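Mapping of the sequence shown onto my numbering: residues 1 to 237, in sequence order.
The C-beta atom is built at its ideal place from N, Cα and C for all residues, glycine as well.
These numbers come from a predicted model, not from an experiment.
For reference, the structure discussed in these notes is given below.
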Amino acid sequence: MMSGKRWGYVVQFFCLLVFLGMSPFLIKMDGRKTRSVSSDSVRSQNVSDEVKPVVALTFDDGPNASSTPILLDGLKERKVRATFFLIGENVEKDENEKIVKRMYEEGHLIGNHTYTHCNLSKLETGEAKKELEQTDTVIEKITGKQPVFVRAPYGELPVDSEQDLNRIYIGWTVDPLDWMTEDAGAVVKTVVEEINPGDVILLHDCYPSSVQAAIRIVDLLQGKGYEFVTVDHLIMD
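As structure tokens, then:
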């Protein structure tokens with residue numbers, strides 16, 4: 001289902017960030033590994049003792065009626081807020097609407113991951129727009145807010161993404177390929193070994209193994225002094 005995912009991609013929103021007065025935040029490809037690039041000191045590995053290093057935990061492809069509530073329970077217990085990029089057709093399933101409402105009420109950031117998990121770069125402009133707008137509609141119906149942040153499936157941006165100033169496309173900097181391995185231990189090991197302040201971690205809440213890994217990652221990184229924030233806070237810090 002997820003084969004062909006890239007390791008990372010360029011976040012296409014510099015014009016919008018300048019317009020909003022935010023600090024630019026670039027996610028770039030660097031061979032097999034990716035790293036965040038910023039002038040902000042929080043993303044330096046030499047973090048001040050007075051400032052906690054921050055990272056963003058993000059989840060694609062949900063909500064899932066079985067595994068997502070377990071994840072939300074674990075995050076709530078640990079007082080962690082994450083970012084969820086939701087598939088529109090999953091949101092519309094009756095059992096999932098209450099999950100999305102809970103996400104929103106518990107302070108998680110909800111983003112758009114298209115309606116059918118399609119490759120936006122292969123669609124005509126009108127079709128790509130429809131995929132995103134359909135998902136906007138179903139999310140807004142539940143939360144009362146239209147999502148601004150988008151993660152394009154497979155890391156493939158729509159052809160007109162640079163002209164779309166109403167959306168912020170978000171990539172990732174740490175990808176343990178949880179969808180491929182479904183091995184919680186391996187996922188945890190990869191993330192903990194690769195993590196740096198300012199990183200964006202990519203996971204999928206539709207896999208029980210990924211949910212298990214996410215909770216262990218939170219425990220381990222909190223033990224190392226990391227603070228988890230949603231991607232909007234990571235960008236604006």
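**Report entry** Buried versus exposed, by CB contacts within 10 Å (16 or more), R167
**Finding:** What you label residue 167 is simply residue 167 of the sequence shown in a count that begins at 1. The residue is buried, with at least 16 neighbouring Cβ atoms inside 10 Å.
Requested in this report: With distances taken Cα to Cα, identify the nearest neighbour of F149 among E133, G225 and E105.
Outcome: In the sequence shown, the residue the question calls residue 149 occupies position 149. Residue nearest to F149 within the set E133, G225 and E105 is E133 (criterion: CA-CA distance).
**Report entry** Anticipated Cβ contact below 8 Å, P158 with A128, distance rounded
**Finding:** Residue numbering aside, residue 158 sits at position 158 when the sequence shown is read from its first letter. Residue numbering aside, residue 128 sits at position 128 when the sequence shown is read from its first letter. Yes, they are in contact, since the Cβ atoms of P158 and A128 sit about 4 Å apart, within 8 Å.
Query raised in the report: From Y115, E124 and I215, pick the residue whose C-alpha is nearest to that of V138; which is it?
Result: In the sequence shown, residue 138 corresponds to position 138, counting from 1. Of the candidates Y115, E124 and I215, the one whose C-alpha sits nearest the C-alpha of V138 is Y115.
**Report entry** CB contact flag (F228, V80, <8 Å)
**Finding:** Residue mapping note: residue 228 aligns to position 228 of the sequence shown, counting from 1. Residue mapping note: residue 80 aligns to position 80 of the sequence shown, counting from 1. Against a cut-off of 8 Å, the Cβ pair of V80 and F228 comes out as a contact.
Query raised in the report: Between P153 and S67, which are expected to be in contact by the criterion C-beta below 8 Å, what is the C-beta distance as a whole number of angstroms?
Result: The count along the sequence shown starts at 1 and reaches residue 153 at position 153. The count along the sequence shown starts at 1 and reaches residue 67 at position 67. Actually they are not in contact, since the Cβ atoms of P153 and S67 sit about 19 Å apart, beyond 8 Å.
Query raised in the report: The alpha helix (DSSP H) with A186 in it runs from where to where?
Result: If you number the sequence shown from 1, residue 186 lands on position 186. First-last of the alpha helix (DSSP H) with A186: A184 to E194.
Query raised in the report: Alpha carbon to alpha carbon, how far is V136 from R151?
Result: Taking the sequence shown and counting its residues from 1, one reaches residue 136 at position 136. Taking the sequence shown and counting its residues from 1, one reaches residue 151 at position 151. Note that residue 136 is Asp in the sequence shown, not Val. Whole-angstrom Cα-Cα distance: 13 Å.
Query raised in the report: Around the C-beta of P103, are 16 or more other C-beta atoms found within 10 angstroms, so that it is buried, or is it exposed?
Result: Reading the sequence shown from its first residue, position 103 is the one you call residue 103. The sequence given here places Met at residue 103; Pro does not occur at that position. Around the Cβ of M103, a 10 Å sphere holds 16 or more other Cβ atoms; the residue is buried.
Query raised in the report: According to DSSP, is L177 helix, strand or coil?
Result: The residue labelled residue 177 in the question sits at position 177 within the sequence shown. Coil, per DSSP.
Query raised in the report: Are three or more beta carbon pairs between the region 198-218 and the region 53-62 nearer than 8 Å?
Result: In this structure the region 198-218 touches the region 53-62; the number of beta carbon pairs closer than 8 Å is three or more.
Query - Pairwise C-alpha distance: A213 and G185 - result: For this step, residue 185 is matched to residue 185 along the sequence shown. For this step, residue 213 is matched to residue 213 along the sequence shown. If you take the alpha carbons of G185 and A213, they lie about 7 Å apart.
Query raised in the report: So, using beta-carbon positions, are A65 and N96 closer together than 8 Å?
Result: As a working mapping, residue 65 is identified with position 65 in the sequence shown. As a working mapping, residue 96 is identified with position 96 in the sequence shown. At the C-beta level, A65 and N96 come within 8 Å of one another.
Query raised in the report: According to DSSP, which residues form a beta bridge with L86?
Result: Counted from its first residue, the sequence shown places residue 86 at position 86. L86 pairs with G62 and N112.
Query raised in the report: Looking only at its own chain, which residues have a Cβ that is under 6 Å from the Cβ of E193, when we skip the five neighbours before and after it?
Result: Start at 1 with the first residue of the sequence shown, and residue 193 comes out as number 193. Nothing listed; no residue qualifies.
**Report entry** H117 (DSSP reduced to helix, strand or coil)
**Finding:** Numbered from 1 along the sequence shown, position 117 holds the residue referred to as residue 117. Here H117 carries a coil assignment [DSSP, helix/strand/coil].
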